[in-house]
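The block underneath contains the structure these notes are about, expressed in structure tokens.
There are 4 protein chains.
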Amino acid sequence: MVIVMTPDAAKDDIESVVDVVKRAGGEAFVSRGVSRTIIGLVGDVDHLGTLNLRSMAGVGDVIRVSVPYKLVSREHHRERSVIRVAGVPIGPGTVTLIAGPCSVESPEQTLAAAQMAKRAGASMLRGGAFKPRTSPYAFQGLGEAGLRILSEVRGEVGLPVVTEVVDPASVDLVCAHADMLQVGTRNMQNFALLQAVGSAGKPVLLKRGMNATIEEWLMAAEYIAQRGNLDIVLCERGIRTFETATRNTLDISAVPVAQRLSHLPVIVDPSHSGGHRDLVLPLTRAAIAVGADGVIVDVHPEPARALCDGDQALPDEDIAGLASLMQVMPGILGRELTPAPEPAVR
Amino acid sequence: MVIVMTPDAAKDDIESVVDVVKRAGGEAFVSRGVSRTIIGLVGDVDHLGTLNLRSMAGVGDVIRVSVPYKLVSREHHRERSVIRVAGVPIGPGTVTLIAGPCSVESPEQTLAAAQMAKRAGASMLRGGAFKPRTSPYAFQGLGEAGLRILSEVRGEVGLPVVTEVVDPASVDLVCAHADMLQVGTRNMQNFALLQAVGSAGKPVLLKRGMNATIEEWLMAAEYIAQRGNLDIVLCERGIRTFETATRNTLDISAVPVAQRLSHLPVIVDPSHSGGHRDLVLPLTRAAIAVGADGVIVDVHPEPARALCDGDQALPDEDIAGLASLMQVMPGILGRELTPAPEPAVR
Amino acid sequence: MVIVMTPDAAKDDIESVVDVVKRAGGEAFVSRGVSRTIIGLVGDVDHLGTLNLRSMAGVGDVIRVSVPYKLVSREHHRERSVIRVAGVPIGPGTVTLIAGPCSVESPEQTLAAAQMAKRAGASMLRGGAFKPRTSPYAFQGLGEAGLRILSEVRGEVGLPVVTEVVDPASVDLVCAHADMLQVGTRNMQNFALLQAVGSAGKPVLLKRGMNATIEEWLMAAEYIAQRGNLDIVLCERGIRTFETATRNTLDISAVPVAQRLSHLPVIVDPSHSGGHRDLVLPLTRAAIAVGADGVIVDVHPEPARALCDGDQALPDEDIAGLASLMQVMPGILGRELTPAPEPAVR
Amino acid sequence: MVIVMTPDAAKDDIESVVDVVKRAGGEAFVSRGVSRTIIGLVGDVDHLGTLNLRSMAGVGDVIRVSVPYKLVSREHHRERSVIRVAGVPIGPGTVTLIAGPCSVESPEQTLAAAQMAKRAGASMLRGGAFKPRTSPYAFQGLGEAGLRILSEVRGEVGLPVVTEVVDPASVDLVCAHADMLQVGTRNMQNFALLQAVGSAGKPVLLKRGMNATIEEWLMAAEYIAQRGNLDIVLCERGIRTFETATRNTLDISAVPVAQRLSHLPVIVDPSHSGGHRDLVLPLTRAAIAVGADGVIVDVHPEPARALCDGDQALPDEDIAGLASLMQVMPGILGRELTPAPEPAVR
């Protein structure tokens, strides 16, 4: 931590800061500059951070120089992690395709979408039963009935299931049906939910908040990790900017940046970021090329009848194109497409 | 709703859209332009909105022209509402000051802060018992013990209490102690929480999400209203932008804009938006001048020892200045400062 | 300046940094932390800044702790400046109203707008002859003919004129007609233009770029100041954010922040930030309340026929309201409305 | 164009709008909805756009449904364009690598960087002689001397040169030395400069403003095209968002979106967007994978001594990696790397 004194800070102000730091068990190194003095602090940063040094006389700024997350940081865990979801790996070495409908609408629609997913090369199935919607008048998902449909379809197609949980009270229910819990973009800082999924004993797919910095995203992961669960996959899904030509702005650079800062796998959602079917394949190629550990894609047998986000779902005619790129792209980075689990294994 | 066809849309494409709309019970008015055709839709917009017209051949864009919220809209409720919290009015005609500590730390600190609030002219007390914090290692609030402290201090100083609730599971607990429930910026789209506070029978202070548009903010209010609770006060608290000189960017224009769109009262939080003590008084003056129905301000007897956001809390020496501006400013807009409740009344 | 070493920086890396700094004439103070070492640099920061220390082995980050502007900084010029434009003061102590049409369209329209401005309490006239427009097909202003109209109207109403200059090549021409040169938001980092107006010998109104940080804005002012011209007035006019309900987001906090960092006066443009007539009066009140040294407002005798930004111009029926608030608001902050120049004085 | 009336618009208001439109030579189709009436306008949109319909009584909103650019639009020019710079093609079918130093510092440094560029697979050389810098105290480029160095190095390595022009007054000078003129991000809405380069008879590389929407970017291109120059290449170089982990946020989706809206080629600058050497290769891969027609990359023989943006320049040790990916990636999309011009041809 570095304390930057104001240009008019008095000698006493500097001494007071040094004093407070020493009494808190830290060390303080003073560098007197021409116009300002800076004080480097050494010690337990979390403890020093509670001292409110910024409020002391003569203090202009307090700059944290270490990262505020620990368990998810790559500083003390150099090797990038591989997370396994019912045996399916997500991490370096492979590229994992997760696909399925934005929301579960019926057994038929879900099964058809799951078969599309499988043809595209997916090794996991996505599908929403609880849907957080901006409008209370929009379709909110089938809830528990949707979870049961997902369970059944998993049995038929043999792909592990990831689905969103929106309320701490329904974590147990979702765990009973899903192989991986998704925390959505609007809930990235719903700390009660993060703590609940952290204790649930299932892998978690943590979407980046649409207005969250990469650091805040990793802090959200730290909330989950702190409850003992390090089976976390990060998902970049676009951030909110001034640009309105796309639903959100896919922050493609966040993939290598997050992978440098954290050992957790990072995947990309090209459907929700672009918000339009035509962008899904180009953004999927970009995601794999930049080094993402996987992608999660919306598919729907009849997008024109989808109850949620039909604009961005890939229809059947695009599946061959997706399958073909999933075959070609991973090899360019020396990776391979994660295969779907063997039927027998399940 | 307006459908904008692409320049190369075929005659059949136009007819298909008209057809779908008519079969859904709507009417479609076709305007054939030189380069594009547009189709005006009349009928039940919410129903038409589920038709996924955007996915049809030849459709370039679908533009909604009515607002998506109803209960909180000013379109059918011209008069601006006054919300009463244990008898204290918030709405046009008055300016209400809510003040108190960012977080409840001890009975002594809370009482001292409440007395500062009262001296400043507050008619309501704020204070956090459950604190949503970016870091799992930061102080998370005293929880239920904090709520009990707030209750006791309310008894002593006679100000109704607003405090944050972060989890649907603790709504009942918070209701037992508070006069008004606060939904914080990070939870503005925590729909499970919105529904829970909508059913709780207490007035709600709904902070704007730091990345939420005004329309999304009003949709969040609509979630609460839909559960039968229209006692909602909106609170602008700064949005996230590229500017880092302040903690957030206070969107002062949001006050008149939200008041034009909705009948609900709108207040401003100058403490969390600016993030620095020196900005609190200027921003409070600006908020009242722009027409806000109130302000909510952090005060602390010893900011340098605050466990949360000490930088932005007003210390004792600023209370006289706040009190003085609260006396002067409301009159300029023909309003008056909301008086603290009579002790006997409570 | 502070160098933050990476956690795995070697002892040699640290020594190399110290070495480079010393050879460049600076001093380096090393604080060895538990996980990281930080090095405080003392010396000529601008020179040290050219060393590319960030590229050295083991260097994680380089943090500048002093402000990069000098001439416009308040660090060495504590007192806030008063800028005089043909005798009209802008600065602390007064609130100056500048008003007029967005663009000069005809002698009649300009004269009518100038008379509205005067009735509203303005002591300066604004009006655009060169208009930077997003579309090459939009009205681009009358150019030199517009400047001549402004000159004539100034003679009739007795208000000094501020008008925009968009090209270094036309600075002399504009100087021949105007009392103050405006640099518009899109040109805030047009450095050739900044240098040209810096050498022109006229006061400059520098609008903040719609995507510029406050620091970049002050750096743009520094470009002008560096050419020997310190007669600069800063103008906050809204920044670009994700919110689309207003044309731009007025960053009201930028006023006190810029006044704390710089000795230059800061005014506000409530017309271009809000983009709508209904917001002009509320935002003008907010601007004065927050401590702005003036406001610049669009007025037009017939907004429905304006060739540019008619939506935001105040029509005649709003002038009385503006005049009345200009009389009342400055006094609240112990200021007074800057009077229009005496006819005889001109 | 669509006019949305307010819910309380009177019958007369609607008739007035229809009247005004008809008198202006347009047609108006009225759709009376339950809560609002909308009016579809047909006719000369640019002319109708000057009517200020938004200011009329009862008008709530005016929505433009056609794009405001023409010459650069793909609506009337379906085939994507190939731009040739001294014989080097940029467009569909190929991927063009442009590389070189951020700024020209000396003949030796420029030659060394040009040789690195060539080894990497570049067919064009970049290098800045006029540098727009945020600080007036930063290195501003060698100016004309830098242009002469570029000319000489071009002779030696045989790569056409693109370099930035920052002032209309120096367009002729830059044209005398360069094969392509670059308009930088800060000048994207410097309309005087756009018009000057539009008349200069050289191809133009138009960088996207860091706060410009894609539509504004295309409007800036339209300014150049309107002067008779359609040899324009668009360059996405990152936009400004709240995220500070990267210098800017590369808007990778802008590539396919701009290619769908405009026939002009679109390339990507992975150096300035990421701002860090480690991000250049991943972002280059992503750019080619998403379908960019080229990339422009900073290289420097000694980044630690670079006078400008040394953090982001690729050093010699990364050239082999860049060369290898430039060989592999284009083929995935059925393209080929644009070869450097034959020495004889020049």
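Here the protein sequences line up with chains P, H, W and B, keeping their order.
Per my numbering, residue 1 is the first one in the first sequence, and the count goes up by one each step.
Per my numbering, residue 1001 is the first one in the second sequence, and the count goes up by one each step.
Per my numbering, residue 2001 is the first one in the third sequence, and the count goes up by one each step.
Per my numbering, residue 3001 is the first one in the fourth sequence, and the count goes up by one each step.
Built from N, CA and C at the ideal position, the CB exists for glycine as well.
- Excluding residues up to 5 positions away in sequence, 3103, 3128, 3129, 3130 and 3131 lie with their Cβ nearer than 6 angstroms to the Cβ of residue 3141 of chain B in the same chain.
- With contact defined as three or more Cβ pairs closer than 8 angstroms, the stretch 15-30 of chain P and the stretch 2012-2024 of chain W are not in contact.
- Of all residues in the stretch 3060-3077 of chain B, only 3060, 3061, 3063, 3065, 3066, 3075 and 3076 come within less than 9 angstroms of chain H when Cβ atoms are compared, listed by chain position.
- When C-beta distances to chain H are compared with 7 angstroms, the residues of the stretch 175-189 of chain P below that value are 186, 187 and 189, in chain order.
- Chain P places no beta carbon closer than 8 angstroms to that of residue 3269 of chain B, leaving this residue out of the contacts.
- When C-beta distances to chain W are compared with 8 angstroms, the residues of the stretch 238-249 of chain P below that value are 240, 241, 242 and 244, in chain order.
- The beta carbon of residue 1003 of chain H does not come within 8 angstroms of any beta carbon belonging to chain W, so the residue lies off that interface.
- The beta-carbon of residue 29 of chain P is placed less than 8 angstroms from the nearest beta-carbon of chain W.
- Counting only runs of 3 or more residues that sit fully inside the stretch 2281-2335 of chain W, the beta strand (DSSP E) segments are 2294-2298, in chain order.
- Within chain H, the C-beta atoms nearer than 9 angstroms to that of residue 2213 of chain W come from 1242, 1243, 1244 and 1245, in chain order.
- Contact of residue 7 of chain P with chain W by beta-carbon distance below 7 angstroms involves 2075.
- By the criterion of a C-beta distance shorter than 7 angstroms, residue 2285 of chain W is surrounded in its chain by 2325 and 2329, once the five residues flanking it on both sides are discounted.
- Under the 8 angstroms Cβ criterion, the stretch 186-199 of chain P counts as touching the stretch 225-236 of chain P, having at least three qualifying pairs.
- The Cβ atoms of residue 1091 of chain H and residue 1083 of chain H lie closer than 8 angstroms to each other.
- Put simply, the CB of residue 2141 of chain W is far from chain P, with every gap to its CB atoms at 8 angstroms or more.
- Neighbours of residue 3288 of chain B in chain H, taken as residues at a C-beta separation under 7 angstroms, are lacking, since the least C-beta distance is about 28 angstroms.
- Annotation: the continuous beta strand (DSSP E) that includes residue 235 of chain P extends over 232-236.
- Assignment of residue 2061 of chain W by DSSP, reduced to helix, strand and coil, places it in the strand class.
- Rounded to whole angstroms, the Cβ separation of residue 3116 of chain B and residue 3045 of chain B is 49 angstroms, and the two are not in contact under 8 angstroms.
- Residues of chain P with a Cβ closer than 9 angstroms to the Cβ of residue 2208 of chain W do not exist; the shortest Cβ-Cβ separation is about 16 angstroms.
- Think of a sphere of 7 angstroms around the beta carbon of residue 2108 of chain W: no beta carbon from chain B falls inside it, the nearest being about 18 angstroms out.
- Counting only the Cα atoms, residue 1318 of chain H lies some 26 angstroms from residue 2294 of chain W.
- Listed along chain W are 2332, each with a C-beta nearer than 7 angstroms to that of residue 1328 of chain H.
- Taking 8 angstroms as the cut-off, the Cβ atoms of residue 339 of chain P and residue 87 of chain P do not count as close.
- Assignment of residue 1264 of chain H by DSSP, reduced to helix, strand and coil, places it in the coil class.
- Here residue 1243 of chain H carries a coil assignment [DSSP, helix/strand/coil].
- Using a Cβ distance threshold of 8 angstroms, residue 1031 of chain H and residue 3042 of chain B count as a contacting pair.
- Close to residue 92 of chain P, with beta-carbon spacing below 7 angstroms, lies no residue of chain B; the smallest spacing is near 14 angstroms.
- With a threshold of 8 angstroms between beta carbons, residue 2216 of chain W makes contact with chain B.
- Look at residue 305 of chain P: its C-beta is under 8 angstroms from a C-beta on chain H.
- Between residue 2248 of chain W and residue 2271 of chain W, the beta carbon gap of about 11 angstroms keeps them out of contact (Cβ cut-off 8 angstroms).
- In the three-state scheme derived from DSSP, where H, G and I count as helix and E and B as strand, residue 3156 of chain B is classed as helix.
- Per DSSP, residue 89 of chain P lies in no alpha helix (DSSP H) segment; the continuous beta strand (DSSP E) that holds it begins and ends at 88-90.
- Below the 9 angstroms Cβ cutoff, chain B contributes 3135, 3136 and 3137 as neighbours of residue 2222 of chain W, in chain order.
- Contact between the stretch 2057-2072 of chain W and the stretch 66-78 of chain P is not established, with fewer than three Cβ pairs separated by less than 8 angstroms.
- The continuous beta strand (DSSP E) containing residue 96 of chain P extends over residues 94-100.
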